[in-house]
Amino acid sequence: MNGREVVLGRVRRALADGSGASPGPDGPVAYDGVRDYLRVHGERTPEESVDLLAARLTEYRALVHRTDDEGLPELLMRLLSEQGPDEMLVPPALPPYWLSAADPVRVHDRAALTARRLDRVGSVVTGCALAIAETGTIVLDGGPEQGRRRITLIPDHHICVVRVPDQVVCSVPQAIERLDPRRPQTWISGPSATSDIELDRVEGVHGPRTLEVVLLSGDGHACAGGDGPG
Numbered sequence: 001m002n003g004r005e006v007v008l009g010r011v012r013r014a015l016a017d018g019s020g021a022s023p024g025p026d027g028p029v030a031y032d033g034v035r036d037y038l039r040v041h042g043e044r045t046p047e048e049s050v051d052l053l054a055a056r057l058t059e060y061r062a063l064v065h066r067t068d069d070e071g072l073p074e075l076l077m078r079l080l081s082e083q084g085p086d087e088m089l090v091p092p093a094l095p096p097y098w099l100s101a102a103d104p105v106r107v108h109d110r111a112a113l114t115a116r117r118l119d120r121v122g123s124v125v126t127g128c129a130l131a132i133a134e135t136g137t138i139v140l141d142g143g144p145e146q147g148r149r150r151i152t153l154i155p156d157h158h159i160c161v162v163r164v165p166d167q168v169v170c171s172v173p174q175a176i177e178r179l180d181p182r183r184p185q186t187w188i189s190g191p192s193a194t195s196d197i198e199l200d201r202v203e204g205v206h207g208p209r210t211l212e213v214v215l216l217s218g219d220g221h222a223c224a225g226g227d228g229p230g
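Under the UniProt record's numbering, read the sequence shown as residues 1 to 230, first letter to last.
Here it is, written out as structure tokens:
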């Protein structure tokens, strides 16, 4: 059964409910849950998946950096110093060593923080739930290393650390399998941007003007069409 049959079945059922007439021999169609689309477009090594993610992020005008555990504190210090914020937002369970070399004053994510107070903070540093290679999308779900959704929407500068390749999946279907639908999710594809009626691009209207993604290297598995992680 394909999507067209499902939609037509719903239309027939709705018409029948409104007129009292029988839906006809084709009748209401129940969706059986079987989908025949590709879950992933080709197979890739972990390195190829990370390279694809980096390329897609760059196409969306995100700034991409690569490092390992040893180099992460110095890199974050440099990225923050280039933006020059006096303060930075910090989720509750961000690993302390990430910001061990950073200078800005830490503002911890608390429910009492008002939007006005958050608007005075220049940067936010978070982890992520996962990243999707094929679409260049970062997904946040409010986990301990990410904090509340609002802290990643109000500051003008967001640094997001992605553990690669463990947090990288190939495709949207693979991402959905790993995400908890009960958690609040934010899907980010590049910095916030919109266009006016003359198609002039304006960044920073609905979220951070600058998105920097740090690919933190580690061990992982190949990206393929199976059910395992990317």
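Yeah, the Cβ is synthetic: ideal placement off N, Cα and C, and Gly gets one too.
So, under 8 Å CB-CB, P208 and H157 are touching, yes? Tell me the CB distance rounded to an integer number of Å.
6 Å
Between A115 and I154, how many whole angstroms is the CB-CB distance? I'm expecting something under 8 Å.
6 Å
Nearest-angstrom beta carbon gap, V90 and D109 [assumed within contact, 8 Å]:
7 Å
If contacts are defined as beta-carbon pairs under 8 Å, then P104 and P85 qualify, I think. What distance do you get, rounded to the angstrom?
5 Å
Decide if V202 is buried, meaning its Cβ has at least 16 other Cβ atoms within 10 Å, or exposed.
exposed
Taking DSSP's pairing of strands, which residues face I188 in a bridge?
I138
Taking only runs of the beta strand (DSSP E) that begin and end inside the segment 62-114, which ones reach a length of at least 3 residues, in chain order?
63-67, 87-90, 105-108
For I176, which three-state DSSP category applies?
helix
Identified DSSP bridge partners for V202
T194
Classification of T152 by the beta-carbon crowding that lies within 10 angstroms, buried from 16 upward:
buried
How is I159 classed by DSSP in three states: helix, strand or coil?
strand
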